[in-house]
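Asks: Counting with my numbering, you get residues 136 to 387 for the letters of the sequence shown.
We put the beta carbon where it would ideally sit given N, CA and C, even for glycine.
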Amino acid sequence: MSSSDPIDRVKAWVAEAGRIVVLTGAGISTESGIPDFRGPQGVWTTDPAAEKQSTLQTYLADPQVRQAAWRSRMAHPAWQARPNRGHLALVALEQRGKLHALITQNIDELHQLAGHAGARVIEVHGTMRRAMCWGCGRRVPMQDVLARVRAGEVDPACEACGGILKSDTISFGQALVPAVIDRAMAAAGEADLLLAVGSTLQVYPAASVVPVAKAAGARIVIMNNQPTPMDSIADALLRGPIGDVLPAICAA
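(1) Cα separation between ASP370 and ALA150?
(2) How would you write the range of the beta strand (DSSP E) that SER302 sits in, first residue to last?
(3) How big is the Cα-Cα spacing for GLU325 and ASP317?
(4) Starting from GLY324, trace the alpha helix (DSSP H) in both directions and tell me its first and last residue.
(5) Could you tell me if ASN360 is buried or exposed, where buried requires 16 or more neighbouring beta carbons within 10 angstroms of its beta carbon?
(6) Indicate whether MET358 and VAL380 have their beta-carbon atoms separated by less than 8 Å.
(7) So, with DSSP's three-state summary, where would you put MET136?
(8) Determine which residues share a DSSP beta bridge with ILE238 and list them.
(9) Can you name the start and end residues of the alpha helix (DSSP H) that MET209 belongs to?
(10) Assign TYR194 to one of two classes, buried (16 or more other C-beta atoms within 10 Å of its C-beta) or exposed (fewer than that).
(11) Is the beta carbon of HIS235 less than 8 Å from the beta carbon of ILE155?
(12) Suppose contacts are defined by Cβ-Cβ distances below 8 Å. Is ASP290 in contact with TRP205 by that definition?
(13) Do the CB positions of LEU311 and CYS268 come within less than 8 Å of each other?
(14) With a threshold of 7 Å on Cβ separation, who are the neighbours of LEU336 within its own chain once the five nearest residues in sequence on each side are excluded?
(15) Between the beta-carbon of ASP303 and the beta-carbon of THR239, is there less than 8 Å?
(16) Using DSSP with H/G/I as helix, E/B as strand and the rest coil, what is VAL338?
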């Protein structure tokens with residue numbers, strides 16, 4: 136590889152860096168069999184009605200939408216998915232002592248399953264592996280609620296207060312958790328290298344970590360198969376399968 140090879144160049148930046156912050160989007164999980172939302176074969180592209188299930192007011196108001204959502208949750212490919220080479224490459228980065236924070240827009244917890252320390256992962260959109268009650272805020276393992284659905288409940292209610300249950304994820308129209316966003320922005324401001332992996336960088340405020348890191352003096356590497364609105368501020372753009380590219384730049 137010549138020194139002009141972008142992968143070679145970014146691998147050298149990884150070697151030099153002391154505080155790497157990674158932002159991951161749906162693209163890192165597609166190789167594990169979890170479709171993205173807006174891509175050519177995305178969940179909302181192939182089934183526009185599915186977007187209603189992720190819109191808070193519609194979900195709360197319409198029992199039919201909730202029933203469809205519970206059926207979708209039971210069949211979600213994440214329950215069978217396993218971390219791929221991209222996820223494992225980031226674990227290797229943590230084991231080298233270089234990973235300052237892992238900010239993820241994903242709700243699948245594949246980063247934790249791959250072996251990351253839970254405290255290192257900042258889940259800006261929550262997790263599908265918990266259910267929460269919209270009435271009392273109680274949180275329970277999602278599989279406990281799905282067992283009730285399999286037993287015949289079409290729209291299971293909270294066992295504590297009778298309230299509406301939903302996935303413990305951020306829906307359209309639902310406020311983000313300020314402390315989580317603050318933590319993500321603080322981490323980005325401390326980075327000396329930021330890797331944006333598999334994100335369209337169109338969903339805010341998560342995408343804001345890129346300009347925040349840039350303003351703090353970090354190098355920016357964007358790894359996505361499609362162009363993003365932030366390509367112009369990147370120091371390097373890497374295309375290609377994430378499962379090939381991430382291991383190449385993260386290996387010691």
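Replies: To lay it out plainly:
(1) 16 Å
(2) 300-304
(3) 13 Å
(4) 313-324
(5) exposed
(6) yes
(7) Caution applies to MET136, whose pLDDT of 38 falls short of 50 and renders its modelled position unreliable; the value that the coordinates give is listed next. In the structure shown, MET136 sits in coil (DSSP, three-state: anything other than H, G, I, E or B).
(8) LEU158, ILE257
(9) Run containing MET209: 198-209, per the alpha helix (DSSP H) assignment.
(10) Here TYR194 is buried. Its C-beta has 16 or more other C-beta atoms within 10 Å.
(11) yes
(12) Less than 8 Å separates the beta-carbon of ASP290 from that of TRP205.
(13) no
(14) ALA342, VAL345, THR363, PRO364, MET365
(15) The answer is no: Cβ separation not under 8 Å.
(16) Taken through DSSP and simplified to helix, strand or coil, VAL338 comes out as coil.
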